[in-house]
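Student: Just dropping this structure here.
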């Protein structure tokens, strides 16, 4: 991180630095979008009955309940040559890319179900440290911009990934057969986008060492030194935005 530093906290970063640190979310949402739009179809092609599909989908909430707390706990306590959060981005991206490529090529239902568990767990490994990553890198004043950038990439990734099989079909790729080429190639593209986006964030954004991070004046909890009146304002704004949504 370069650029104009605050005297009391983290340096102020540019728009493109925020873009770089959040770009990986595009790949994460690509994986989620492809999984959500196509997994049920893959299960049914491989012989799953309609009443079995919800049971097969139990992987999604269970992996979230198990993986997210573990990754959150250990990523707070990790530091190596790659950083604090970035090792999880890299490992999660590699595992997710493997699962995306393997899922539409599943030879049997049990294999596809296993790939869903691996895929969902791997996505959670990528995703869980990302919000903390933004909080680590940005001052409190710039964090809303960081979270807004994440939301932008979430929206773009979800829309494009969900449309990808249709786009490929319109481009002449076959949409016929048990698991058609349009679906398989969509998952391949998703794996490539995920890996590229996560590597972009890993390579383009450095992390503060723990000693430097803890030395910032804004490393203290956000509730310290907040008056009752000022503390209530974000709650009111949150309710306003919720109502507007």
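Numbering (the numbering used here), first residue to last: 270 to 514.
Note that beta-carbon positions come from the ideal geometry of N, C-alpha and C, so glycine has one too.
From which residue to which residue does the alpha helix (DSSP H) around residue 391 run?
Tutor: Locating residue 391 in the chain shown gives position 122, counting from the first residue. From DSSP, the alpha helix (DSSP H) with residue 391 extends over 378-406.
Student: Could you pull the DSSP bridge partners for residue 323 from this structure?
Tutor: What you label residue 323 is simply residue 54 of the chain shown in a count that begins at 1. According to DSSP, residue 323 bridges with nothing at all.
Student: To the nearest angstrom, how far is the alpha carbon of residue 408 from that of residue 415?
Tutor: What you label residue 408 is simply residue 139 of the chain shown in a count that begins at 1. What you label residue 415 is simply residue 146 of the chain shown in a count that begins at 1. Roughly 10 Å between the two C-alpha positions.
Student: Would you report the Cα separation of residue 491 and residue 370, rounded to the nearest angstrom?
Tutor: In the chain shown, residue 491 corresponds to position 222, counting from 1. In the chain shown, residue 370 corresponds to position 101, counting from 1. Interpretation of residue 491 is limited by its pLDDT of 40, a score under 50 that renders its predicted location unreliable; the figure taken from the coordinates is listed afterwards. Computed Cα separation, rounded: 42 Å.
Student: Any idea what DSSP makes of residue 349, helix, strand or coil?
Tutor: By one-based count along the chain shown, residue 349 stands at place 80. DSSP places residue 349 in strand when its eight states are reduced to three.
Student: Taking C-beta to C-beta, are residue 302 and residue 430 nearer than 8 Å?
Tutor: The residue given as residue 302 occupies position 33 in the chain shown. The residue given as residue 430 occupies position 161 in the chain shown. A contact, by the Cβ cut-off of 8 Å.
Student: Just verifying my parser: in three-state terms, what is the DSSP assignment at residue 288?
Tutor: Position 19 of the chain shown, counting from 1, holds the residue named residue 288. It is helical.
Student: According to the neighbour-count rule (16 or more other Cβ atoms, all chains shown, within 10 Å of its Cβ), is residue 340 buried or exposed?
Tutor: Taking the first residue of the chain shown as 1, we reach residue 340 at position 71. Flag for residue 340 reads buried.
Student: Give me, in chain order, the residues of the same chain whose beta-carbon lies closer than 6 Å to that of residue 354; leave out the 5 immediate sequence neighbours on both sides.
Tutor: Sequence index remark: in the chain shown, residue 354 carries index 85 (1-based). 344, 398, 402.
Student: Give the secondary structure of residue 509 by DSSP, where H, G and I count as helix, E and B as strand, and everything else as coil.
Tutor: Residue 509 sits at position 240 when you count from the first residue of the chain shown. Confidence in residue 509 is poor, its pLDDT being 41 and thus under 50, which makes the residue's placement too unreliable to answer from.
Student: Apply the 10 Å Cβ neighbour rule to residue 452 and answer buried if 16 or more other Cβ atoms are within range, or exposed otherwise.
Tutor: Translated into the one-based positions of the chain shown, residue 452 becomes position 183. Buried.
Student: Under the assumption that residue 405 contacts residue 328 (Cβ atoms under 8 Å), give the Cβ distance between them as a whole number of angstroms.
Tutor: If you number the chain shown from 1, residue 405 lands on position 136. If you number the chain shown from 1, residue 328 lands on position 59. Not a contact, Cβ separation roughly 30 Å.
Student: Using only CA atoms, which one of 360, 422, 333 lies nearest to residue 385?
Tutor: Residue 385 sits at position 116 when you count from the first residue of the chain shown. Of the listed residues, the one whose Cα sits closest to residue 385 is 333.
Student: With a 10 Å radius around its C-beta and 16 neighbouring C-beta atoms as the bar for buried, classify residue 359 as buried or exposed.
Tutor: Reading the chain shown from its first residue, position 90 is the one you call residue 359. Classification for residue 359: buried.
Student: Taking the alpha-carbon positions, what's the residue 476 to residue 316 distance?
Tutor: Counting from one through the chain shown, the residue named residue 476 turns up at place 207. Counting from one through the chain shown, the residue named residue 316 turns up at place 47. One C-alpha to the other measures close to 47 Å.
Student: Buried or exposed, going by whether 16 or more other CB atoms sit within 10 Å of the CB of residue 489?
Tutor: One-based indexing of the chain shown puts residue 489 at position 220. With a pLDDT of 46 at residue 489, under the threshold of 50, the modelled position of that residue is not reliable, and the figure given next carries that caveat. With fewer than 16 other Cβ atoms within 10 Å, it is exposed.
Student: Would you be able to state if there are at least three C-beta pairs under 8 Å between the segment 427-441 and the segment 455-464?
Tutor: Yes, since at least three Cβ pairs between the segment 455-464 and the segment 427-441 fall closer than 8 Å, the two stretches touch.
Student: Taking its Cβ as the centre, do 16 or more other Cβ atoms sit within 10 Å of residue 287, making it buried, or is it exposed?
Tutor: Start at 1 with the first residue of the chain shown, and residue 287 comes out as number 18. Label assigned to residue 287: buried.
Student: So, residue 473 versus residue 289, is the Cβ gap smaller than 8 Å?
Tutor: Residue 473 sits at position 204 when you count from the first residue of the chain shown. Residue 289 sits at position 20 when you count from the first residue of the chain shown. Their beta carbons are under 8 Å apart, which means residue 473 touches residue 289 by this criterion.
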